[in-house]
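Heads up: the structure comes next, in structure tokens.
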Amino acid sequence: MTRSASLLIDNIGELTTNDDAGGGRLHDAAVLIERDRIAWVGAAADAPAADERVDAAGRAVLPGWVDSHTHLVFAGDRTAEFEARMAGEAYAAGGINVTVEATRAATDAALEANLERLVAEARRGGTTTIETKTGYGLTVRDEQRAAVIAGRHVDAVTFLGAHVVPAGADPEGYLDLVTGPMLDAVAPHVSAVDVFCERGAFDEAATERVLAAAGRAGLATRVHGNQLGHGPGVRLAVGAGSLSVDHLGFLSEDDVSALADSWAEWSGGSGRRGTVATVLPACDLSTRMPLAPARALLDAGAVLAIASNANPGTSYTSSMAFCVATAVLQMGVTVQEAVRAATLGGAIALGMDRDGWRDPSGAEQGAVGVVAPGARADLQLLDAPSVTHLAYRPGMPLVQGVWRAGQRIV
Ligand code: NIG
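Under UniProt numbering, think of the first position of the sequence shown as 1, with each following residue one higher.
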């Protein structure tokens, strides 16, 4: 779709800005977009002229979703595993190797076509920023090609060579590969390194090695932690200054405090940002694992993100609206808290809440997850008067318009 030099989205009934200076929300508002950025935000009565005008007719506008945790570079399908799980079998991460086998066997073109399909699905649902991970290749060649393909379609790529030890590999030798030649090959194509710290994946010592190697390579880190049981994931992530620790179904009081304290220290001038607590409601449901304690995390003062964890094993959905509704209906957070976590929270988890971050092509981008002058013009228009309808009318296709970098994509 074409883009005018300036566009006014006018007559907005409820505008979620996430801009704390203005209370985070405006009524009877308008937003002016110039090229790829937001140029002005304010009362509809004061709206400036523009080349083009969209009448929101009293509906709700909010930032596009920022999906900070997905695994979209894969081939194959795990319907049988899902059916077995619904029949009572427990999720134990073993299915990752099924996807690894299918992914290795796929051509570049097939992987890219599947990724494009999934990104298009996410965009139709209002998602304007997507992080995705490697992690279904687990050889130097397959991890590198996953990172290169992903970088052509998403906003941030994370190296997840430390997903599981591939079938038949020696654990120590594989760790040497992941923290050595594989990291060297993939590092130019990614902005962060992730590690699955869990029984059956990587233990405390291995996780520490992966995080240290990432630090030496100058890359940010994330941790998959506390998904299948209690463990050291949160502690290690906070200790390493990771951007986020994700999953969090099994948290001790110390884990919750550590996540909250990491932000209290930042506010107190530590100079190091805290670690975002990323919860993945669709994954918790699909694996029938405990729901992450999002309410307790917020009450303690942690910074919360909500993400889809779209992947073929544990969460085959990219619907952020579904995740937001689940967080509200099942995790005890308010709609406003859930929307903030699925937009600004994700942006903080990706280090994209401030202007000047670079996408995989190296292009400089405006902040995402906020509606404020200078931010990237990423917006969604709902066919509803308020964001409350996201939880009040769960599962309904409420997204009526989506703009990404000022361009209308839905
Ligand atoms: O985030 N926890 C590890 N990785 C994915 C699962 C991937 C899979 O089972 O294929 C997750 O849930």
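The beta-carbon is built from N, C-alpha and C at its ideal position, and this holds for glycine as well.
Query                                                                                                        : Result
Which of helix, strand or coil DSSP assigns to G225                                                          : strand
Cβ contact check for the region 36-51 and the region 346-354: 3 or more pairs under 8 Å                      : no
DSSP beta-bridge partners of H27                                                                             : E14
The alpha helix (DSSP H) enclosing E198, as first and last residue numbers                                   : From DSSP, E198 is part of no alpha helix (DSSP H); its letter is neither H nor E.
According to DSSP, residues forming a beta bridge with P63                                                   : L379
Residue closest to R37, alpha-carbon to alpha-carbon, out of R123, Q365, V324 and H389                       : Q365
Beta bridge counterpart(s) of L8 as assigned by DSSP                                                         : L32 and R53
Q330, buried or exposed, once every other Cβ within 10 Å from all chains shown has been counted against 16   : exposed
Where P171 falls, given that 16 or more other Cβ within 10 Å makes a residue buried                          : exposed
Own chain partners of A56 with C-beta closer than 8 Å, once the 5 adjacent residues on each side are dropped : I9, D10, N11, I12, G13 and L381
contact_flag[the region 128-135, the region 151-167] where n(CB pairs < 8 Å) is 3 or more                    : yes
Rounded C-alpha distance that separates G301 from T17                                                        : 21 Å
Distance between beta carbons of A372 and A347, contact taken as under 8 Å                                   : In fact, because the Cβ distance is near 12 Å, the residues do not count as touching under 8 Å.
Inter-residue spacing [alpha-carbon to alpha-carbon] between V245 and A45                                    : 43 Å
Neighbour-count burial assignment, P290, 16 or more Cβ in a 10 Å radius                                      : exposed
Contact the region 256-264 vs the region 326-343: 3+ CB pairs below 8 Å                                      : no
Rounded C-alpha distance that separates R273 from R222                                                       : 13 Å
Minimum C-alpha distance to V193 - residue among W263, A220, L285 and A201                                   : A220
Complete beta strand (DSSP E) runs within the region 231-255 (minimum length 3 residues, chain order)        : 244-247
Alpha-carbon to alpha-carbon, T107 and S262                                                                  : 43 Å
Range of the contiguous alpha helix (DSSP H) that encloses M350                                              : A quick correction: the sequence has Leu, not Met, at residue 350. Per DSSP, L350 belongs to the alpha helix (DSSP H) from G346 to L350.
Secondary structure of A167, DSSP reduced to three states                                                    : coil
Beta bridge counterpart(s) of G401 as assigned by DSSP                                                       : L381
Selected residue, minimal CA-CA separation from residue 411, among V73, L72 and A93                          : A query on residue 411 cannot be resolved here, the shown segment of the chain reaching from 1 to 410 and no further.
Range covered by the alpha helix (DSSP H) that runs through T207                                             : E204 to R216
Rounded separation between V100 and I33 - CA only                                                            : 42 Å
Inter-residue spacing [alpha-carbon to alpha-carbon] between A110 and F322                                   : 28 Å
Contact belief for S286 with T70 at Cβ below 8 Å, rounded distance in angstroms                              : At roughly 14 Å, the Cβ-Cβ gap does not stay under 8 Å, so S286 and T70 are not in contact.
C-beta contact flag for D378 and R404 at 8 Å                                                                 : yes
Rounded separation between T388 and A167 - CA only                                                           : 46 Å
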